[in-house]
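Written out as structure tokens, the structure reads:
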């Protein structure tokens, strides 16, 4: 087997950490002081060495042999204890070292040496007295390890065995039954286009990798294209080779020859094999499929594909792999093909094909409903869908299906699913196994960021630096263990079955605290996580103390809602007992104002997150946490100071103090030499660290904000920070706050803060010099992508920013001294032919004196701004001439509060979105460029040419409009929908004279999906037959349209998913005629500001499809009707907001499906829903997410 492929045991990397720790200088010196018997240390090393050799064999055998599993878990538990003990010894050694250093600093002359010697002697005695049970614990750990070593022989564990998977896969073949393949048509056609191309990539052999997790369907896709008739006609030869994880280049080459030659080969000489392949392929166009490739060694591929180069132009190789690294090594196309999970519809078809005869469930609709739930559990993974479908085939008992629906997929048909995914884990390197297994702390569907998990890995000792963690993380992404979230692209997620795999391999060492299950926690548990709720009581954690060796206490958030409360007993009584903690998160608990002094006893602590709490001061005892690496204090908006001895935290690598109210940094910040991430540096006026302390922080990377630069002593003080030497900084914010006494001095300070040319983002706020230093805009900053200049009120010119060749985003705001932006803006660098050649987004805002923007002297088809896509000009009231004549790439133009600006538009053939907000602008659609996708016009009512008339005159130019947003268009009385046939979104607000819509008979707006109408005080009716003319409408929001009495006859469109009605008394009064029960897709309903509702909702008013219901500002609402709620079996979220008279809820409670209930500013009801004595509390206590009149601060309040 390829040596680079073999993973190694989970514990191998763990033991290596212990070996390194036992060999560390501090631990050895500590033992040398005869505080502990050094022989014990040597004995521990020998014992661990003796067990290391059988780890690979044990890890594989534990899968099928429970006795080995128990032995392996006991060994892991013992190794954890040994690690804790060695960490404690290292801590004592570090503390001793720090005290000695402090003694040397405070002593002088001859007294220094004698005092130090005395201190060493006294400290030695003190440590001997304080070591407590460490010697006894060390001996017990040794005894336990020796006992486990003796058992390895009885379990027949062997040394030096590279564990192979316990079950071998059947090699794949090229045959496929296309009738059981669903959802891959688009993938297949995309691949076919690449396969049948023989021009663009004709000079080289085309290699197309398919990448995805195990069981996603890579082999099936390869089989589909391999057997397509077009492929058979296009290629002269085809070959299918299953490579699999055991890469033997001789075997693979032989298989290739046999496939191409269609006969058995007995040649064993590698050279002859390659010569024969060359001869067969010479001048012929071939297709080769290498299925299930694991090795990413370039040298192997380089040798393998040498004879393939002799094929004819257009020859292709398809490679299927789980590893992106393999793809990057072999791929010759710009990118590889990444397979995603199947859609819900395709998943159902595949499952049904295997579960039912002919894929049809017949009359058993109950089975279909259960089957749909089973399909959802498979999360689009074909392997799981087929395995579970086959398992259920022929079974028609509903109880059997229900049992499987509620079971763990790993317990079902695991002869197929488990080995397929476990194989990926088996071949992970040992260090990655630890990292992956730790991810069992995440629940399914949890989205996490790379930096978040890397810091946790570092705290657990899996790595020493963040950059190493970045590599580990990317490696797991490339192997399909993590995948990018479909929602937030900055986040990642694990497929449900990968998440199950993590839980499987971590076992009882990771525990997910859910509800009242803390009684199930094990003594071996090391990592605990839970979902934060509105109130986390002590009872929730009452059994956690059983896990006395707990390392991780981490809460997670499905959504970032603010304001939670955790009982004081948890912080004061429980956490101090968990003395082995390395990770502690208390973020978002906004009632935490202080930490107990006992926090200083958590010697092992490396990660502490207090973000978004109300903490005001940190206790001085926190300064004894010498192991602390990560301290997160972001959004601690009451925190105004850090402890005096803060700089004793010499292992601190990551300090986030963003959005605090600190006025200064602790003295001697330069001592924290390991800092890699420092979010902010605050300059105090008379005390605290000076900016020069930054010089010692040589490893800073990422983003740094420096505040209060007006407090910098002088230019030499700023120069001492050596910002220019920090080559790993990517983002730099420089901020002044206050009046400058000397503008020349300010300029010299900014001159001294010149960063390294590696910088990618620069922001300068509040600079009060009259001009910028030369380095701002210098072409040497070739990596600068983003630049923001804000609040530089006294500058009379802008630097030559056109010389920044990589600049993509530029924002200039609050410049009060700028009159003209002229040639200096573009720069004079002769080597740059097109100024702002990379700029995509340009913003000018709040420039009251600005009169003119002079175009570039070479303004023509090849002039400045060739790639500019977005241009924003806001609050420039005196600007008369602007906008370059030609912006070939412009897609978005926004002009607001620029009353004097000429109403001309640049030549912009690609423009798609335009937005105007100006009370005095004369504008008609006929004046605008064609091809618009989005138009926003706000406050254009003073001298407006008819907007609709302009559209009629230039109809052909505006049939492309897909989004229209118009506000304060007082002349609009009737909106002609037919003028905009491709409209998808229409938003009309404050059009006070709008009364109706027009649409010719028989005309339908097939594209319109969103309609928003608000503050249209005279609107009396919506278009007749709304359900027919707007058949695709998905979202409808109507607010403050008091004359609108009812919806049109025929009801609302059947595809409607979201309906919001606000401050429409007459319309809400007719709610029983809305016919919401006929809307099969409606999931969201919001009723807001109605003074006539006393009871809601009426029986059968709402459809059972509803998942979210919001009732807000209903002044007279007194009760909730059970008859109107009982059938809402899909309801998950309910919000009741500002209903002052509401005091009762249904006796029967809310639907069982409800998972989130928010009650705000409903004093009568809230009182009855309190946990302490509230009569309604038993009816709602089971709901996972509860918010009841929480006094949490919201982000906007901060």
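Residue numbers (this note's numbering): 553 to 1750. Every residue gets a Cβ at the ideal spot worked out from N, C-alpha and C, and that includes glycine. Computed from a predicted structure; not experimentally measured.
Starting from residue 888, trace the alpha helix (DSSP H) in both directions and tell me its first and last residue. Here residue 888 belongs to no alpha helix (DSSP H), and DSSP marks it neither H nor E.
With DSSP run on the structure shown, which of helix, strand or coil describes residue 1120? helix
Taking residue 1638 as the reference, which of 1536, 1609, 1632, 1155 has the closest Cα? 1609
Segments assigned alpha helix (DSSP H), at least 4 residues, entirely inside the stretch 1574-1612: Listed in chain order, the complete alpha helix (DSSP H) runs (minimum 4 residues) inside the stretch 1574-1612 are 1578-1581.
Taking buried to mean at least 16 other C-beta atoms within 10 Å of its own C-beta, is residue 1716 buried or exposed? With a 10 Å radius around the Cβ and a threshold of 16 neighbouring Cβ atoms, residue 1716 comes out exposed.
Mark residue 1031 as exposed unless 16 or more other C-beta atoms lie within 10 angstroms of its C-beta, in which case mark it buried. buried
Is the Cβ-Cβ distance between residue 1204 and residue 1227 less than 8 Å? Cβ distance < 8 Å, so residue 1204 and residue 1227 count as in contact.
From the DSSP output, in three-state form, read off residue 1730 for me. helix
Beta-carbon proximity list for residue 1366, same chain, < 8 Å, skipping 5 on both sides: 1342, 1343, 1344, 1345, 1397, 1398, 1399
Could you say which of 1174, 1712, 1707 lies nearest to residue 1695 if we only look at CA atoms? 1712
Coarse secondary structure for residue 923, derived from DSSP in three states: helix
Run through the stretch 1265-1321 for me and flag every whole alpha helix (DSSP H) of 4 or more residues, listed as ranges in chain order. 1267-1271, 1295-1304
By how many angstroms is the C-alpha of residue 826 removed from the C-alpha of residue 695? Looking at the two C-alpha atoms, the distance is approximately 58 Å.
Selection from 1333, 1617, 1658, 1673 that minimises the alpha carbon distance to residue 1667: 1617
Measure the C-alpha to C-alpha separation of residue 799 and residue 856 and round it to an integer number of angstroms. 11 Å
Would you kindly work out how many angstroms separate the C-alpha atoms of residue 1587 and residue 997, rounded to a whole number? 26 Å
My understanding is that residue 1054 touches residue 991, with C-beta atoms under 8 Å, so please give their C-beta distance in whole angstroms. 5 Å
If you draw a straight line from the alpha carbon of residue 789 to that of residue 1047, how long is it in whole angstroms? Using only the alpha carbons, I get a separation of about 38 Å.
Which class does residue 752 belong to by DSSP, given the choice of helix, strand or coil? Summary for residue 752: the model assigns pLDDT 48, below 50, so the residue's position carries little reliability; its value from the coordinates is reported in the next sentence. Residue 752: coil per DSSP, three-state reduction.
In the DSSP assignment, the beta strand (DSSP E) including residue 983 goes from what residue to what residue? No beta strand (DSSP E) contains residue 983, which is instead part of the alpha helix (DSSP H) from 982-990.
Is it right to say residue 897 is buried, meaning 16 or more other beta carbons lie within 10 angstroms of its own, or is it exposed? exposed
Using C-beta distances below 6 Å, list every residue in its chain close to residue 1674, excluding the 5 sequence neighbours before and after it, in chain order. 1698, 1700, listed in sequence order.
Using DSSP with H/G/I as helix, E/B as strand and the rest coil, what is residue 618? Residue 618 falls in the helix class under three-state DSSP.
Tell me whether residue 1263 is buried or exposed, calling it buried when 16 or more other Cβ atoms sit within 10 Å of its Cβ. buried
Check whether residue 982 and residue 562 have beta carbons under 8 Å apart: yes
C-beta contact flag for residue 736 and residue 787 at 8 Å: No.
For residue 1464, the nearest candidate out of 1592, 1451, 1423, 1208 (CA to CA): 1423
Own chain residues within Cβ distance below 6 Å of residue 711, not counting five before or after: Closer than 6 Å at Cβ, skipping near neighbours: 605, 606.
For residue 1259, which residues of its own chain have a beta-carbon under 8 Å away from its beta-carbon, when the five flanking residues on both sides are left out? 1232, 1233, 1234, 1235, 1287, 1289
Buried or exposed by the 16-neighbour rule on C-beta atoms within 10 Å, applied to residue 965: Residue confidence for residue 965 is low, a pLDDT of 47 falling below 50, so the modelled location carries little weight; the figure read from the coordinates is stated next. Buried, by the Cβ-count rule.
My parser needs the alpha helix (DSSP H) runs of 4 or more residues fully inside the stretch 990-1055; what are they? 1002-1011, 1018-1030
Please classify residue 595: does DSSP put it in a helix, a strand, or coil? helix
Report the three-state DSSP secondary structure of residue 803 (helix, strand or coil). helix
Where does residue 1338 sit, in a helix, a strand or coil, going by DSSP? strand
Measuring only the C-alpha atoms, how far is residue 665 from residue 650? Reliability fails at residue 665, whose pLDDT of 43 lies under 50, so the model's placement of it is uncertain and the value that follows must be treated cautiously. Whole-angstrom Cα-Cα distance: 16 Å.
I'd like the ranges of any beta strand (DSSP E) spanning at least 3 consecutive residues and lying wholly in the stretch 1414-1460. If only uninterrupted beta strand (DSSP E) runs of at least 3 residues are considered, those enclosed by the stretch 1414-1460 are 1422-1426, 1444-1448.
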